[in-house]
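Asks: I am attaching a structure below and will ask some questions about it afterwards.
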Amino acid sequence: MDKGEISQKALEYGLVLSTTALEQIIDSKIDYKRLFKKAKDDGAWFVTHEYIEKTTTTDKPDICESEGSEHKKHKACDLESKLIIHDSSDVTGKSTCAGTIDDFIQYFNSRYKSLKSVIQEHVEYKDVSTIEQVKAGEQKTKQKIVAIVNEKRESTRGFKFLDVEDPTGGLTVLIADKNDHLKAEYERILPDEVIGIEGILTGELYIANNITQPDIPLNHTKRYASEEVYAAFLSDIHVGSYLFLEKEFMSFIEWLNGRGSRREVADRLKYIFIAGDLVDGIGIYPDQESELTIPDIERQYEFLAMLLEDIPKHIEIIACMGNHDASRNAEPQPRVSKDLAGKLYEIPNVHVCGNPVRFSAHGVEVLMYHGTSMDTIIGSLSSCSYKNPDTAMVELLKRRHLVPTYGSDSISPENKDYLFIEDVPDVFHCGHVHTNGYTQYRGVTVINSGTWQAKTAYQERLGHQPTPARVPIMNLQNHEVIMLDFSANNE
4 MDKGEISQKA
14 LEYGLVLSTT
24 ALEQIIDSKI
34 DYKRLFKKAK
44 DDGAWFVTHE
54 YIEKTTTTDK
64 PDICESEGSE
74 HKKHKACDLE
84 SKLIIHDSSD
94 VTGKSTCAGT
104 IDDFIQYFNS
114 RYKSLKSVIQ
124 EHVEYKDVST
134 IEQVKAGEQK
144 TKQKIVAIVN
154 EKRESTRGFK
164 FLDVEDPTGG
174 LTVLIADKND
184 HLKAEYERIL
194 PDEVIGIEGI
204 LTGELYIANN
214 ITQPDIPLNH
224 TKRYASEEVY
234 AAFLSDIHVG
244 SYLFLEKEFM
254 SFIEWLNGRG
264 SRREVADRLK
274 YIFIAGDLVD
284 GIGIYPDQES
294 ELTIPDIERQ
304 YEFLAMLLED
314 IPKHIEIIAC
324 MGNHDASRNA
334 EPQPRVSKDL
344 AGKLYEIPNV
354 HVCGNPVRFS
364 AHGVEVLMYH
374 GTSMDTIIGS
384 LSSCSYKNPD
394 TAMVELLKRR
404 HLVPTYGSDS
414 ISPENKDYLF
424 IEDVPDVFHC
434 GHVHTNGYTQ
444 YRGVTVINSG
454 TWQAKTAYQE
464 RLGHQPTPAR
474 VPIMNLQNHE
484 VIMLDFSANN
494 E
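Under the numbering used here, the first residue of the sequence shown carries the number 4, and numbering increases by one thereafter.
Here it is, written out as structure tokens:
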């Protein structure tokens, strides 16, 4: 069979043919003319591996009902789902702001109060002064303040300054030149973040000798599942892109359905967490349309739904939004509407959420955020890189905020700050940068789950090296993480 001939015939029928479907037609010697006629009669527009399977196979066994040697029943089928999505963490249906100046003033005041309360949980910052009190008090007396950073600047003579403020006024902070530790802390500070500063007022300058971030407490105690159960971490699927790795994604789904190695893990896999960019979207960047196989946002979500439908129904899927999804750009993001992604909402084990979202799976608390703000973190801090995205995620935890800097990142000034990390999670999961990353930080497991999209031209220009089709999987009973590689070169 000739690939060009098959593809041309699909176009004549007004059909889009996926890469895996084309390979399946050739490998299985399927009568493609009859297949295309049936697809047209069925009202289908996209011929995929899944469509061919459903068309040529009448009774596909359910993994939880099958007892055959090839499809042995999964142990996870008998595990009770213990998923609790914290609705209070999701902005969907609760956005009330108009983006006015008053909204932003209210938002940043709220952010300041929230982060100040976290800093005051530090024993040494239990009692703090306002900037107004510092200015009115005695000179050269040790004081502690909590302030928001307006600006970092350096004089021509090399002196380093911070311009900070709290609700009572502003102050210029001088970083002591002889304090190497403090100078290192200064380099890590970002505009708009809230910090604690210990120092003395000398004239008009507040000379700092200590800087403290909100951070994760050292005594955070992890929560564990009471039984052996696994969760898979995914992100950045980018359905609709010509670079979407459909074949590799299907290998993952086939593994979930009982084929392949590491059966002891698949048998007890109960959850899949997807951290946004479910589809490639429309109009996200210039000339994107030329790089799309599905140039229609509704059909992108429809195809995604077709893929997720093949995941066993005993597995709970939680999916949040990303900057490529059909939601607003400003964060927090509400979930995509049912008008655009109706098929997704029809799948009983799929839970579509906004970005960010918090949930509990078998007692383990997870904070899931797409991760758009990591671009700013990586671009601002020399210690962070796209090669090791977990370093940027740790910086967000230290600041106890998902979007600590306003300007480069778009924020919707809601009445509640959904981006404030109020409660310490057991797992912090992001995507966005298309590179896997993993670390432990003060009792929090930090995971970046990579991508299912091949390297883009933009990434090529920047020298980024994505790690597609690699899936971190965690045992929720002991928090051990393994990496399974579904890439074509690993078959």
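Quick reminder that beta carbons are idealized off the backbone N, C-alpha and C, glycines included.
1) Return the Cβ separation of Ile-321 and Ile-277 in integer angstroms, given the expectation that the two are a contact with Cβ distance under 8 Å.
2) Would you identify the three-state DSSP class for Leu-370, choosing helix, strand or coil?
3) Look at the alpha carbon of Lys-138 and the alpha carbon of Gly-434, and state the distance between them as a whole number of angstroms.
4) Please list the terminal residues of the continuous beta strand (DSSP E) segment that includes Asp-169.
5) How far does the beta strand (DSSP E) with Ser-363 in it reach, from first residue to last?
6) Using the rule of at least 16 other Cβ atoms within 10 Å of the residue's Cβ for burial, across every protein chain shown, is Glu-52 buried or exposed?
7) On a Cα-Cα basis, can you pick out the residue from Ile-55, Asn-260, Val-131 and Ala-150 that is closest to Cys-80?
8) Do Glu-207 and Thr-171 have their CB atoms nearer than 7 Å?
9) Shortest alpha-carbon distance to Arg-302 belongs to which of Asp-44, Pro-475 and Val-19?
10) According to DSSP, is Val-94 part of a helix, a strand, or is it coil?
11) Do you know offhand how far Cys-323's Cα is from His-89's?
12) For Cys-433, which residues does DSSP report across the bridge?
13) Indicate whether Ala-235 and Ile-200 have their beta-carbon atoms separated by less than 7 Å.
14) Nearest-angstrom Cα distance between Thr-159 and Lys-143?
15) Taking only runs of the alpha helix (DSSP H) that begin and end inside the stretch 238 to 299, which ones reach a length of at least 4 residues, in chain order?
16) Using the Cβ count rule (16 or more neighbours within 10 Å means buried), how would you classify Tyr-110?
17) Once DSSP output is grouped into helix, strand and coil, what is the label at Asp-44?
18) What separation, rounded to the nearest whole angstrom, lies between the Cα atoms of Ile-414 and Lys-78?
19) Just how far apart, CA to CA, sit Ser-132 and Lys-163?
20) Who are the Cβ neighbours of Gly-446 in its own chain at under 6 Å, not counting the five residues just before and after it?
21) For the beta strand (DSSP E) holding Arg-156, just list the boundary residues, first then last.
22) Do you know offhand how far Asp-488's Cα is from Arg-271's?
23) Taking Cβ to Cβ, would you say Asp-393 is nearer than 7 Å to Thr-438?
24) Taking only the alpha-carbon atoms, compute the straight-line gap between Arg-464 and Leu-400 and give it to the nearest angstrom.
25) Which term fits Arg-266, buried or exposed, when burial requires 16 or more other beta carbons within 10 angstroms of its beta carbon?
26) Anyone know if the C-beta pair for Val-430 and Thr-448 falls short of 7 Å?
27) So for Asn-222, helix, strand or coil by DSSP?
28) Within 10 Å of its beta-carbon, does Val-126 have 16 or more other beta-carbons around it, so buried, or fewer, so exposed?
29) Looking only at its chain, what residues have a beta carbon closer than 6 Å to the beta carbon of Gly-366, apart from the 5 residues adjacent to it on each side?
30) Use the C-beta contact count for Thr-205: other C-beta atoms within 10 angstroms, 16 or more gives buried, fewer gives exposed.
31) By alpha-carbon positions, which one of Val-339, Asn-352 and Tyr-461 ends up nearest to Lys-85?
32) Do the stretch 210 to 221 and the stretch 340 to 354 meet, that is, are 3 or more Cβ pairs less than 8 Å apart?
33) Going by beta-carbon coordinates alone, are Phe-306 and Phe-49 separated by less than 7 Å?
34) Among Glu-56, Gly-279, Ala-13 and Pro-475, which has the Cα closest to the Cα of Met-371?
35) For Val-19, which of helix, strand or coil comes out of DSSP?
36) Between Pro-471 and Glu-251, how many whole angstroms is the CB-CB distance? I'm expecting something under 8 Å.
Replies: If we stick to the structure as given:
1) Position 318 of the sequence shown holds residue 321. Position 274 of the sequence shown holds residue 277. Their Cβ separation, rounded to whole angstroms, is 7 Å, which keeps Ile-321 and Ile-277 in contact under 8 Å.
2) For this step, residue 370 is matched to residue 367 along the sequence shown. Strand at Leu-370.
3) Start at 1 with the first residue of the sequence shown, and residue 138 comes out as number 135. Start at 1 with the first residue of the sequence shown, and residue 434 comes out as number 431. The straight-line gap from Cα to Cα measures roughly 44 Å.
4) As a first step, residue 169 must be located in the sequence shown, where it is residue number 166. 163 to 169 is the extent of the beta strand (DSSP E) around Asp-169.
5) For the purposes of this step, residue 363 is identified with residue 360 of the sequence shown, where counting begins at 1. Per DSSP, Ser-363 belongs to the beta strand (DSSP E) from 360 to 364.
6) The count along the sequence shown starts at 1 and reaches residue 52 at position 49. In the sequence as presented, Glu is not what sits at residue 52; that position holds His. When all chains shown are included, His-52 counts as buried.
7) Here residue 80 refers to the residue found at position 77 when the sequence shown is read from its first residue. For Cys-80, the nearest C-alpha among the options comes from Asn-260.
8) Counting from 1 along the sequence shown, the entry for residue 207 is found at position 204. Counting from 1 along the sequence shown, the entry for residue 171 is found at position 168. No; because the gap between Cβ atoms is not below 7 Å, this pair is not in contact.
9) For the purposes of this step, residue 302 is taken as the residue at position 299 of the sequence shown. When only C-alpha atoms are compared, the closest one is Val-19.
10) Taking the first residue of the sequence shown as 1, we reach residue 94 at position 91. Val-94 falls in the coil class under three-state DSSP.
11) Numbered from 1 along the sequence shown, position 320 holds the residue referred to as residue 323. Numbered from 1 along the sequence shown, position 86 holds the residue referred to as residue 89. Each residue's alpha carbon lies about 13 Å from the other.
12) The count along the sequence shown starts at 1 and reaches residue 433 at position 430. Per DSSP, Asn-451.
13) Here residue 235 is taken as the residue at index 232 of the sequence shown, counted from 1. Here residue 200 is taken as the residue at index 197 of the sequence shown, counted from 1. Contact: no.
14) Translated into the one-based positions of the sequence shown, residue 159 becomes position 156. Translated into the one-based positions of the sequence shown, residue 143 becomes position 140. Between Thr-159 and Lys-143, the C-alpha separation is close to 26 Å.
15) 249 to 259 and 266 to 269
16) The residue given as residue 110 occupies position 107 in the sequence shown. Burial call: buried.
17) Position 41 of the sequence shown, counting from 1, holds the residue named residue 44. In this structure, Asp-44 counts as helix in the three-state DSSP scheme.
18) Here the question's residue 414 lines up with position 411 in the sequence shown. Here the question's residue 78 lines up with position 75 in the sequence shown. When rounded, the distance between both Cα atoms is 43 Å.
19) Numbered from 1 along the sequence shown, position 129 holds the residue referred to as residue 132. Numbered from 1 along the sequence shown, position 160 holds the residue referred to as residue 163. Cα-Cα distance, rounded: 23 Å.
20) For the purposes of this step, residue 446 is identified with residue 443 of the sequence shown, where counting begins at 1. So the list reads His-223 and Lys-225, once near-sequence residues are dropped.
21) Taking the first residue of the sequence shown as position 1, residue 156 is located at position 153. Looking at the DSSP string, the run of the beta strand (DSSP E) that includes Arg-156 is 145 to 157.
22) As a working note, residue 488 is residue 485 in the sequence shown. As a working note, residue 271 is residue 268 in the sequence shown. Approximately 18 Å, taken between the alpha carbons.
23) Position 390 of the sequence shown, counted from the start, is the residue given in the question as residue 393. Position 435 of the sequence shown, counted from the start, is the residue given in the question as residue 438. The answer is no: Cβ separation not under 7 Å.
24) Taking the sequence shown and counting its residues from 1, the one referred to as residue 464 is at position 461. Taking the sequence shown and counting its residues from 1, the one referred to as residue 400 is at position 397. If you take the alpha carbons of Arg-464 and Leu-400, they lie about 30 Å apart.
25) Counted from its first residue, the sequence shown places residue 266 at position 263. Label assigned to Arg-266: exposed.
26) In the sequence shown, residue 430 corresponds to position 427, counting from 1. In the sequence shown, residue 448 corresponds to position 445, counting from 1. Yes, they are a contact pair.
27) Within the sequence shown, residue 222 is the residue found at index 219, counting from 1. Of the three classes helix, strand and coil, the one that applies to Asn-222 here is coil, per DSSP.
28) The residue you call residue 126 lines up with position 123 of the sequence shown. Burial call: exposed.
29) Your numbering for residue 366 matches position 363 in the sequence shown. Cβ within range, chain order: Arg-226 and Ala-228.
30) In the sequence shown, counting from the first residue as 1, residue 205 sits at position 202. Answer is exposed; the Cβ neighbour count stays below 16.
31) On the sequence shown, position 82 is the one that residue 85 refers to. If we check each option's Cα against that of Lys-85, Asn-352 comes out closest.
32) no
33) Start at 1 with the first residue of the sequence shown, and residue 306 comes out as number 303. Start at 1 with the first residue of the sequence shown, and residue 49 comes out as number 46. Yes.
34) Translated into positions along the sequence shown, residue 371 becomes position 368. Ranking Glu-56, Gly-279, Ala-13 and Pro-475 by Cα distance to Met-371 puts Gly-279 first.
35) Against the sequence shown, residue 19 aligns to sequence position 16. Here Val-19 sits in strand by DSSP.
36) Residue numbering aside, residue 471 sits at position 468 when the sequence shown is read from its first letter. Residue numbering aside, residue 251 sits at position 248 when the sequence shown is read from its first letter. At roughly 7 Å, the Cβ-Cβ gap stays under 8 Å, so Pro-471 and Glu-251 are in contact.
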